[in-house]
């Protein structure tokens, strides 16, 4: 490492966060580590988000605000813009509702100082869950390691990997070899981290809990909360296709099974809720040609979805429910066999 006190760039995309972003920026301002800059890239907010950010810029010139100046819209584009604007040797990508504990950057800088031969360093994070009473903090831990495999990262399920966006501090030079994928609306961090592992980036993980992420199921700005949306299904489909080459190279059959199960359940949910059109269903079924282990199973899945689409329109809910349940369970067992 070039310096024991390196400049760390915190990059935050923002969109209509006037009610939450002040708490996030205050947690940055309260850091005990002094050598940081915080770059906020606004994604076209229509509320007073930018006004709130400007108040922090008046307090401390280490805060900087930029507008997203190019397409496509979305957090990945904003993060890539922030990375190119940054001057730090290391990067932390934070969301506009996340919270840093006061020693977060100091802890991560110390970790880099003691373990400098890596491309990214991982910390544990807490989860703030919104409910009817008060938020709960849930610790998310990792084994201490100097080597993380793709299998370790993805277990137990692709949608809940071992770490997420704010848990990471990147060596900027390493990150710029990857960049965020601007074409996918969800799971961008999973995509990024899988590419890093696949390209043999050196990953160091610790058990330090140094930040909190907020889970708010009432936040309509989060695509990930729209369980049955075509946008989410399309993102899953695209990510699964992009992972096919990696999965085949790594020869990890269980991972393909889990991905197949994710797509299966997403399509099934969309049919049951009446949001899947026939021509779209045909396109999604084709995804399984790249994941399912046999043509026989592919034909069974295809037949099940077409029958399910017909049954959805019948007036025999009890019979329909029994048929769906029996076929559902049988196919799940075959996919995971």
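Numbering (the working numbering), first residue to last: -12 to 324. Backbone N, C-alpha and C define an ideal beta-carbon position, used for all residues, glycine too.
Here's a check: name, in chain order, each residue in its chain whose Cβ is nearer than 6 Å to the Cβ of residue i, leaving out the five neighbours to either side.
{"i": "residue 201", "result": "84 and 115"}
{"i": "residue 133", "result": "191"}
{"i": "residue 22", "result": "-8 and -6"}
{"i": "residue 5", "result": "34, 35, 36 and 39"}
{"i": "residue 79", "result": "-3 and 156"}
{"i": "residue 162", "result": "78"}
{"i": "residue 284", "result": "321"}
Across which residues does DSSP place residue i in a beta bridge pair?
{"i": "residue 80", "result": "-2"}
{"i": "residue 140", "result": "Beta-bridge pairing links residue 140 to no other residue."}
{"i": "residue 24", "result": "-4"}
{"i": "residue 107", "result": "157 and 190"}
{"i": "residue 86", "result": "199"}
{"i": "residue 29", "result": "1 and 54"}
{"i": "residue 132", "result": "192"}
What are the boundary residues of the beta strand (DSSP E) that residue i is part of?
{"i": "residue 194", "result": "190 to 202"}
{"i": "residue 53", "result": "50 to 54"}
{"i": "residue 156", "result": "155 to 158"}
Rounded to whole angstroms, what is the Cα-Cα separation between residue i and residue j?
{"i": "residue 153", "j": "residue 198", "result": "8 Å"}
{"i": "residue 73", "j": "residue 189", "result": "22 Å"}
{"i": "residue 165", "j": "residue 138", "result": "20 Å"}
{"i": "residue 271", "j": "residue 93", "result": "46 Å"}
{"i": "residue 259", "j": "residue 155", "result": "38 Å"}
{"i": "residue 102", "j": "residue 13", "result": "29 Å"}
{"i": "residue 167", "j": "residue 321", "result": "35 Å"}
{"i": "residue 111", "j": "residue 151", "result": "9 Å"}
{"i": "residue -4", "j": "residue 77", "result": "6 Å"}
{"i": "residue 7", "j": "residue 36", "result": "9 Å"}
{"i": "residue 286", "j": "residue 135", "result": "36 Å"}
{"i": "residue 129", "j": "residue 24", "result": "28 Å"}
{"i": "residue 325", "j": "residue 32", "result": "Shown here, the chain extends from -12 to 324; a query on residue 325 therefore has no answer."}
{"i": "residue 282", "j": "residue 289", "result": "10 Å"}
{"i": "residue 82", "j": "residue 11", "result": "8 Å"}
{"i": "residue 41", "j": "residue 245", "result": "45 Å"}
{"i": "residue 269", "j": "residue 263", "result": "10 Å"}
{"i": "residue 49", "j": "residue 160", "result": "21 Å"}
{"i": "residue 251", "j": "residue 169", "result": "25 Å"}
{"i": "residue 105", "j": "residue 253", "result": "37 Å"}
{"i": "residue 108", "j": "residue 257", "result": "38 Å"}
{"i": "residue 99", "j": "residue 19", "result": "16 Å"}
{"i": "residue 186", "j": "residue 178", "result": "12 Å"}
{"i": "residue 57", "j": "residue 267", "result": "30 Å"}
{"i": "residue 297", "j": "residue 95", "result": "55 Å"}
State the start and end residues of the unbroken alpha helix (DSSP H) segment that holds residue i.
{"i": "residue 100", "result": "91 to 101"}
{"i": "residue 10", "result": "8 to 16"}
{"i": "residue 60", "result": "Where residue 60 is concerned, there is no enclosing alpha helix (DSSP H), given that its DSSP letter is neither H nor E."}
{"i": "residue 182", "result": "175 to 185"}
{"i": "residue 45", "result": "36 to 46"}
{"i": "residue 290", "result": "282 to 298"}
Which residues in the same chain as residue i place their Cβ atom closer than 7 Å to its Cβ, once the five residues preceding and following it in sequence are excluded?
{"i": "residue 291", "result": "314 and 318"}
{"i": "residue 9", "result": "39"}
{"i": "residue 247", "result": "275, 278, 279 and 322"}
{"i": "residue 131", "result": "192, 193 and 194"}
{"i": "residue 261", "result": "299"}
Apart from the five residues just before and just after residue i, which ones in its own chain have a Cβ nearer than 8 Å to its Cβ?
{"i": "residue 53", "result": "26, 27, 28, 29, 68, 69 and 72"}
{"i": "residue 119", "result": "The pLDDT assigned to residue 119 is 43, lower than 50, so where the model puts this residue is not dependable, and the model offers no usable value."}
{"i": "residue 46", "result": "16"}
{"i": "residue 255", "result": "292, 295 and 315"}
{"i": "residue 140", "result": "148, 149, 150, 180, 181 and 184"}
{"i": "residue 51", "result": "24, 25, 26, 27, 44 and 72"}
{"i": "residue 273", "result": "none"}
{"i": "residue 75", "result": "-7, -6, -5, -4, 23, 24 and 159"}
{"i": "residue 60", "result": "30 and 31"}
Check your understanding: Three or more C-beta pairs closer than 8 Å, one from the stretch 165 to 176 and one from the stretch 87 to 107: is that the case here?
Key -> no
Check your understanding: Counting pairs of beta carbons, one from the stretch 56 to 75 and one from the stretch -8 to 11, are three or more of them closer than 8 Å?
Key -> yes
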